[in-house]
Amino acid sequence: MELPLLLDQPAELIVVGGGPAGFIGAITAAEKGINPVVLLESTLRPLEKVRISGGGRCNVTNACWDFKDLVVNYPRGRNALLGPFSRFAPGDVVEWFSSRGVALKQESDGRMFPVTNKSSTIVDCLIRVARSLGVILIPKSRVLSINKSGSIFEVKSKDMENFFSKRVLLATGGHPSGRELALNLGHKIISAVPSLFTLKLDDNTLKKCSGIAIDKVCLTININGKLSQQIGRILLTHWGVSGPAILRLTSFAARLLHENNYKAKLSINWLPHLESSLLNESFQLFRYKYARRFIFNKSPFPNLPNKLWKILFKRVGGNDNQRWAYCSAKLQKDLIGVLTSSTYEVCGRGPFGEEFVTAGGVDLGEVNLSTMESRICSGLYFAGELMNIDGVTGGFNFQHCWTSGWLAGRSVAKDLNDFLD
Ligand SMILES: Cc1cc2nc3c(=O)[nH]c(=O)nc-3n(C[C@H](O)[C@H](O)[C@H](O)COP(=O)(O)OP(=O)(O)OC[C@H]3O[C@@H](n4cnc5c(N)ncnc54)[C@H](O)[C@@H]3O)c2cc1C
59 MELPLLLDQP
69 AELIVVGGGP
79 AGFIGAITAA
89 EKGINPVVLL
99 ESTLRPLEKV
109 RISGGGRCNV
119 TNACWDFKDL
129 VVNYPRGRNA
139 LLGPFSRFAP
149 GDVVEWFSSR
159 GVALKQESDG
169 RMFPVTNKSS
179 TIVDCLIRVA
189 RSLGVILIPK
199 SRVLSINKSG
209 SIFEVKSKDM
219 ENFFSKRVLL
229 ATGGHPSGRE
239 LALNLGHKII
249 SAVPSLFTLK
259 LDDNTLKKCS
269 GIAIDKVCLT
279 ININGKLSQQ
289 IGRILLTHWG
299 VSGPAILRLT
309 SFAARLLHEN
319 NYKAKLSINW
329 LPHLESSLLN
339 ESFQLFRYKY
349 ARRFIFNKSP
359 FPNLPNKLWK
369 ILFKRVGGND
379 NQRWAYCSAK
389 LQKDLIGVLT
399 SSTYEVCGRG
409 PFGEEFVTAG
419 GVDLGEVNLS
429 TMESRICSGL
439 YFAGELMNID
449 GVTGGFNFQH
459 CWTSGWLAGR
469 SVAKDLNDFL
479 D
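Under my numbering, the letters of the sequence shown match residues 59 to 479, in that order.
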């Protein structure tokens, strides 16, 4: 990226952070006539998280068209997002990219990606549009401090001159430096903890099933007596458990898990679609249908993999040479017990899932969520992950970045130009 000409006038808007929230904020303001917009990015390559997102495909948003359904995907920010999403929702994101030459497609689970299946399509689009509007992108320009004197912000960046403006949009994502900048400008920061991670289990037996995915299990996590539940797909790994349902569970329980040093009990119902009466009936049937078959040998449930069945069978002390005809009432009870509630000790966080985000950040109570302007410091705006907002996997994290960045850019422009909607 080429370096811009140095500014000989104060910027009308300084955006700190070249992620999706900062870019859409800068573009929206510039499209509404704000000039110059300066975007300061600490690294050499802006939009790096977009580039690596969604396994290189970028899960841009989710086809969740009703914003009341949309907000339930945000463990932090839920109700506060109703207003912002009523202004700029997934449908608007689809339209936004489409009118700038990028078509999105929907997958069966609702996730939306560029039709090219390449995150670079999104990165290129944002950079191209920003450039065409004259947004001044300055990479390798980490902002070290922001001071306000009267109505003017002085923004000091490493190795660069200082910048001045009446408006600053902070969009530094989960990076601690952004929270520090907000704190110094008088904002309350909700302590940051990781969200969307996998779980390490203190159990060696499940490791044998590493690589196996099961589409629908019911997970209940017990953290010091507080319970949280999710139903969905799980992936068994060599360290414990992963997959969308685990990421959703750790997202909702992120703070509790952190407070409890990532110790908890995880109970798994492997067959949540079968009630216990139905399971009892199934066992009666298996006794006749498979009378001469060894119980250990083959899972009688089509959606329960053999490897896992064998491990669960051993967990209740089953004998390899036992045939279905002789499955005792006790063994039936124990097997149903372990099938509907296998409990494991969680002993820590596993590696992050595909999409790791930070829970915590700028307290939403101090932000006007219809404009994204600070209630503490006028002229200061926020967007994206820096705020105490985070979603589960599925495109929800980018969605709130597009929404808050768009609202911030628009509010800045409205403040300066008072354009009509
Ligand atoms: C591996 C991975 C995959 C993901 N995949 C998806 C996905 O497919 N879909 C989805 O919805 N979400 C995904 N996410 C989450 C998503 O990437 C983030 O929620 C989103 O990028 C946050 O956007 P942001 O603009 O707020 O912050 P960021 O994208 O983090 O951008 C902030 C920018 O600010 C810069 N910065 C920080 N401090 C300073 C400073 N002091 N001065 C100047 N610049 C600074 C940073 O270098 C960075 O470029 C993924 C996350 C990860 C880690």
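For each residue, glycine too, the CB sits at the ideal point set by N, CA and C.
Because the structure is a prediction, the values reported are computed rather than measured.
Looking at Asn-355, His-233, Phe-344, Val-404, the one whose alpha-carbon comes closest to that of Lys-368 is Asn-355.
Excluding sequence positions up to five before and after Lys-265, its CB lies within less than 7 Å of the CB of His-296, all in the same chain and listed in chain order.
With contacts defined as CB atoms closer than 9 Å, Leu-277 and Gly-298 fail to qualify as a contacting pair. Bridge partners of Gln-288 according to DSSP: Leu-277. About 6 Å separates the beta carbons of Val-118 and Phe-456, which is inside the 8 Å limit, making them a contact pair.
Lys-107 counts as buried, since at least 16 other C-beta atoms from the protein chains shown sit within 10 angstroms of its C-beta. At least one heavy atom of ligand 1 sits closer than 8 Å to the Cβ of Phe-410. Beta-bridge partners assigned by DSSP to Ser-157: none are found.
Per DSSP, Phe-310 has no beta bridge partner at all. Beta bridge pairing from DSSP links Gly-269 with no other residue. Annotation for Lys-126: Leu-140 place their beta carbon closer than 8 Å to its own, counting only its chain and skipping 5 residues before and after. The C-beta of Glu-317 has fewer than 16 other C-beta atoms within 10 Å across all chains shown, which makes the residue exposed. Beta-bridge pairing by DSSP links Pro-172 to Leu-162. The DSSP-derived three-state label of Cys-459 is helix. Judged by their CB atoms, Gly-75 and Leu-228 are nearer to each other than the 9 Å cut-off. Scanning the segment 352-419 from its first residue to its last, the whole alpha helix (DSSP H) runs of 4-plus residues come out as 364-373, 387-398. For Cys-267, the shortest C-beta to heavy atom distance toward ligand 1 is 8 Å or greater. Rounded to the nearest angstrom, the Cβ distance from Ala-188 to Ile-92 is 12 Å, too far for a contact under 8 Å. When secondary structure is reduced to three states using DSSP, Glu-212 falls in the strand class. Residue range 438-440 is occupied by the beta strand (DSSP E) that includes Tyr-439. Nearest to Cys-122 by alpha-carbon distance, out of Gly-159, Ala-147, Ser-286, Val-193, is Ala-147. Setting aside the 5 residues that flank it on each side, Ile-281 is surrounded in the same chain by Ala-311, Leu-314, Leu-315, Asn-318, Ala-322, each with a C-beta closer than 7 Å to its C-beta; the list follows chain order. Nearest to Thr-174 by alpha-carbon distance, out of Phe-440, Phe-155, Ile-353, Asp-167, is Phe-155. Under the three-state reduction of DSSP, Asp-182 is assigned to helix. Taking C-beta separations shorter than 8 Å and ignoring five residues to either side along the sequence, the partners of Phe-171 in its chain run Gly-112, Arg-115, Cys-116, Asn-117, Val-118, Leu-162, Lys-163, Glu-165, following chain order. Judged by DSSP secondary structure, Gly-298 falls within the beta strand (DSSP E) whose first and last residues are 298-300. If you draw a straight line from the Cα of Ser-235 to the Cα of Ser-100, it comes to about 10 Å. Distance between Lys-391 and Arg-433, taken at the CA atoms: about 59 Å.
Counting only residues of its own chain and dropping the five nearest sequence neighbours on each side, Phe-344 has a CB closer than 6 Å to the CB of Pro-358, Trp-382. With distances taken between CA atoms, Arg-225 lies nearest to Pro-94 out of Val-275, Ser-286, Pro-94. For Pro-252, the pairing in a beta bridge is given by DSSP as Thr-416. DSSP, read as helix, strand or coil, puts Ala-69 in strand. Non-local beta-carbon contacts of Lys-258 in its own chain, meaning distances under 6 Å to residues more than five positions away in sequence, involve Trp-297, Gly-298, Cys-405, Gly-406, Gly-408 in chain order. Membership of Val-108 in any beta strand (DSSP E) is not indicated; the residue belongs instead to the alpha helix (DSSP H) covering 106-110.
Between the segment 267-275 and the segment 437-455, the count of C-beta pairs closer than 8 Å stays below three; the two stretches do not touch.
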